[in-house]
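A.B. asks: Would you mind keeping the following structure in view while I ask a few things?
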Amino acid sequence: MKPGNHQQGFTLIEILVVVVIIGVLLTATVALRGDHSGQRALIAEGERLRAVFISAQEEAIRSGLPLNFVAATDGYGFKVFQPEYGDDPMTVSEGLVPSAGIELMVLKRQPVGQWSEPELRSLGEYQPERTIHVSLQVADKPATELLLSSSGLTQPFSVTLYFPDNPDQVLTLSGDGVGLPDYQLYSVQARDKG
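Residues 1 to 194 (the working numbering) make up the sequence shown, in order.
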């Protein structure tokens with residue numbers, strides 16, 4: 001028997017059909033996943049806010065001065081308390097002497113001073129290039145300011161961020177007042193259903 005003229009491999013038409021099918025499937029997959037650039041930008045803003053907030057806590061501890069987180073509708077920043085040492089209040093000893101023999105002084109009134117821009121530029125007022133909505137809740141109540149004590153502690157809080165052109169994606173940075181804050185990204189529809 002003579003071998004026949006059998007074709008080996010695929011024809012050009014068969015290869016093109018497979019390529020078209022793969023292209024259609026990839027296009028459908030990308031279309032169903034949607035554009036996540038807004039989500040990535042929101043996560044980047046959350047990462048920045050978390051890093052800046054932790055830096056502010058560390059700065060409050062390092063400097064021994066309280067900081068104030070200020071949330072505006074389109075940005076946020078920190079202010080640092082600058083005491084006016086020229087007007088120190090009178091102090092009393094009241095017998096508070098630690099074992100080292102150093103006399104402790106108790107203030108009769110709160111120190112006088114003012115809130116000003118921090119030395120660290122990263123803690124100053126921040127408005128991102130893309131319009132963002134910022135809201136703050138302190139102890140489950142709407143607020144515009146959150147005090148970070150000189151020990152770095154705060155009241156429980158949550159800062160909510162979202163882009164007005166994509167209000168379905170929301171990022172919330174929250175803290176219990178003692179530990180490090182963390183953020184969570186969620187969609188408004190999923191939150192409303194759950």
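The beta-carbon is built from N, C-alpha and C at its ideal position, and this holds for glycine as well.
#1: Please state whether DSSP places T131 in a helix, a strand or coil.
#2: So what's E53 in DSSP terms, helix, strand or just coil?
#3: Quick one: residues in its chain with C-beta nearer than 7 Å to the C-beta of T11, no 5 flanking neighbours on either side, listed in chain order?
#4: In whole angstroms, what separates the C-alpha of V178 from that of P128?
#5: I'd like the span of the beta strand (DSSP E) that includes Q169, first residue to last.
#6: Does the segment 56 to 63 come within contact of the segment 130 to 142, defined as at least 3 CB pairs closer than 8 Å?
#7: Per DSSP, which one or two residues make a beta bridge with T160?
#8: What are the residues that DSSP puts in a beta bridge with Q114?
#9: Can you give me the start and stop residues for the beta strand (DSSP E) that F69 sits inside?
#10: Compute the beta-carbon to beta-carbon distance between S55 and L161, rounded to the nearest angstrom, for a pair I have assumed lies under 8 Å.
#11: Check whether the Cβ of P118 lies closer than 8 Å to any Cβ atom in chain B.
#12: Suppose the cutoff is 7 Å on Cβ atoms and the five residues either side in sequence are ignored; what does the same chain contact list for L180 look like?
#13: Under 8 Å, with one C-beta from each stretch per pair, do the segment 42 to 51 and the segment 153 to 169 reach the 3-pair mark?
#14: I need the straight-line Cα distance from N166 to S187, nearest angstrom please.
#15: Label I132 either buried or exposed according to how many other C-beta atoms from any shown protein chain fall within 10 Å of its C-beta, with 16 as the threshold for buried.
#16: From G75 to I15, what does the alpha carbon distance come to, in whole angstroms?
C.D. replies: Quick look at the numbers:
#1: As a working mapping, residue 131 is identified with position 131 in the sequence shown. DSSP places T131 in coil when its eight states are reduced to three.
#2: Along the sequence shown, one-based indexing puts residue 53 at 53. Per the sequence shown, the amino acid found at residue 53 is Phe instead of Glu. Looking at F53 - three-state DSSP - the assignment turns out to be helix.
#3: Within the sequence shown, numbered from 1, the residue matching residue 11 stands at position 11. No residues qualify anywhere along the chain.
#4: Position 178 of the sequence shown holds residue 178. Position 128 of the sequence shown holds residue 128. Cα to Cα, the separation comes out at about 28 Å.
#5: As a first step, residue 169 is located in the sequence shown; it is residue number 169 there, counting from the start. Residues N166 to G175.
#6: no
#7: Taking the first residue of the sequence shown as position 1, residue 160 is located at position 160. DSSP output for T160 lists S135 and T172 as bridge partner(s).
#8: Here residue 114 refers to the residue found at position 114 of the sequence shown. Paired residue(s): Q82.
#9: In the sequence shown, counting from the first residue as 1, residue 69 sits at position 69. L67 to A72 is the extent of the beta strand (DSSP E) around F69.
#10: Indexing the sequence shown from 1 puts residue 55 at position 55. Indexing the sequence shown from 1 puts residue 161 at position 161. 18 Å between Cβ atoms; not a contact.
#11: Absence of chain B from the displayed structure is noted, only one protein chain being present.
#12: Along the sequence shown, one-based indexing puts residue 180 at 180. Once the five neighbours on either side are set aside, the close Cβ partners of L180 are I54.
#13: yes
#14: What you label residue 166 is simply residue 166 of the sequence shown in a count that begins at 1. What you label residue 187 is simply residue 187 of the sequence shown in a count that begins at 1. Using only the alpha carbons, I get a separation of about 10 Å.
#15: If you number the sequence shown from 1, residue 132 lands on position 132. Buried.
#16: Working through the sequence shown from its first residue, we reach residue 75 at position 75. Working through the sequence shown from its first residue, we reach residue 15 at position 15. Roughly 54 Å between the two C-alpha positions.
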